[in-house]
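Encoded as structure tokens, the structure appears first; notes follow it.
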Amino acid sequence: MPATPADLFSLLERLGVETRTYEHVPVFTVAQSQAIKQEIPGGHSKNLFLKDKKGRLFLVVAEAATRIDLKRLHEAIGASGRLSFGSAEQLRLILGVEPGSVTPFGLVNDRARQVTLVLDEALMRGDPVNFHPLVNSATTGLSRAGLLKFFAATGHASRIMRLPEPPGENCGEVVPSPSSA
10 MPATPADLFS LLERLGVETR TYEHVPVFTV AQSQAIKQEI PGGHSKNLFL KDKKGRLFLV
70 VAEAATRIDL KRLHEAIGAS GRLSFGSAEQ LRLILGVEPG SVTPFGLVND RARQVTLVLD
130 EALMRGDPVN FHPLVNSATT GLSRAGLLKF FAATGHASRI MRLPEPPGEN CGEVVPSPSS
190 A
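Numbering (our numbering), first residue to last: 10 to 190.
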């Protein structure tokens with residue numbers, strides 16, 4: 010049986026991690042959650058459950074506004090070939106959550122450590138940081154340090170990095186042409 014929100018909160022309490030949980034209507038997308046996020050202080054996330062061509066699984070936890078170049082992401086995170094989204098069945102089986110409820114707290118259910126965790130450095134500048142507590146009808150905030158303590162307790166390394174942006178995102182940046190070098 011996958012962990013419940015009560016199991017998650019019990020673990021966080023045992024770890025000494027302070028949390029604040031806000032209950033709200035269920036939300037299934039970043040767009041649907043915009044109004045709710047405005048009322049909750051701290052950094053908010055979007056969470057991508059991905060697999061590579063060899064079947065390796067990745068959970069990319071990014072700041073909600075971060076634009077990610079999915080065509081180049083595999084290179085940045087060391088995946089084999091382009092990435093695709095993990096199936097709903099894999100999501101339920103490995104992270105113990107339903108589609109629309111993807112959260113790094115789901116790693117509490119990844120006891121076999123099948124998932125590689127990748128954290129967006131932009132998100133990790135927020136404090137507190139907020140995620141669904143295994144269900145999409147609530148949002149739980151905790152400190153960055155508390156989040157990292159949770160990952161350590163679940164046996165997942167915390168790889169924090171800048172995620173590749175889609176081309177043209179840094180429009181103000183001057184890039185010399187090859188002929189001017």
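Backbone N, C-alpha and C define an ideal beta-carbon position, used for all residues, glycine too.
None of these values were measured; they are calculated from a predicted model.
Give a yes or no on whether the C-beta atoms belonging to residue i and residue j are separated by under 9 Å.
i           : j           : result
residue 165 : residue 111 : no
residue 137 : residue 35  : no
residue 90  : residue 62  : yes
residue 92  : residue 132 : no
Whole angstroms is fine: what's the gap from residue i's alpha carbon to residue j's?
i           : j           : result
residue 69  : residue 23  : 26 Å
residue 158 : residue 21  : 9 Å
residue 25  : residue 160 : 13 Å
residue 16  : residue 117 : 9 Å
residue 74  : residue 66  : 23 Å
residue 108 : residue 115 : 12 Å
residue 57  : residue 72  : 11 Å
residue 119 : residue 64  : 15 Å
residue 152 : residue 31  : 15 Å
residue 186 : residue 171 : Reliability of the predicted coordinates at residue 186 is poor, the pLDDT of 29 falling under 50, and the value obtained from them is presented with this limitation in mind. The straight-line gap from Cα to Cα measures roughly 25 Å.
residue 19  : residue 53  : 22 Å
residue 48  : residue 40  : 15 Å
residue 134 : residue 33  : 25 Å
May I ask which residues mark the beginning and end of the alpha helix (DSSP H) holding residue i?
i           : result
residue 154 : 153-163
residue 18  : 14-23
residue 100 : Note, residue 100: premise wrong, no alpha helix (DSSP H); not H, not E.
residue 82  : 82-86
Output the boundary residues of the beta strand (DSSP E) element that contains residue i.
i           : result
residue 72  : 66-72
residue 32  : 28-32
residue 49  : Unbroken run through residue 49: none, as it is neither H nor E.
residue 140 : 138-140
residue 61  : Looking at the DSSP string, residue 61 is not in any beta strand (DSSP E), and its letter there is neither H nor E.
residue 169 : 168-170
residue 128 : 124-129
By Cβ distance below 8 Å, which residues in the same chain neighbour residue i in space, the five residues on each side in sequence not counted?
i          : result
residue 14 : 142, 143, 144 and 147
Residues in the same chain with beta-carbon distance under 7 Å from residue i, minus the five sequence neighbours each way, listed in chain order, please.
i           : result
residue 168 : 126, 127 and 128
Excluding sequence positions up to five away, which residues of its chain have a Cβ less than 6 Å from the Cβ of residue i?
i           : result
residue 11  : 105 and 118
residue 28  : 21, 149 and 151
residue 55  : 39, 71 and 73
residue 155 : 26
residue 88  : 61
residue 162 : 24
The segment 101-110 contacting the segment 77-85, beta-carbon criterion three pairs below 8 Å: no
- prompt: Do the segment 87-96 and the segment 140-147 meet, that is, are 3 or more Cβ pairs less than 8 Å apart?
  reply: no
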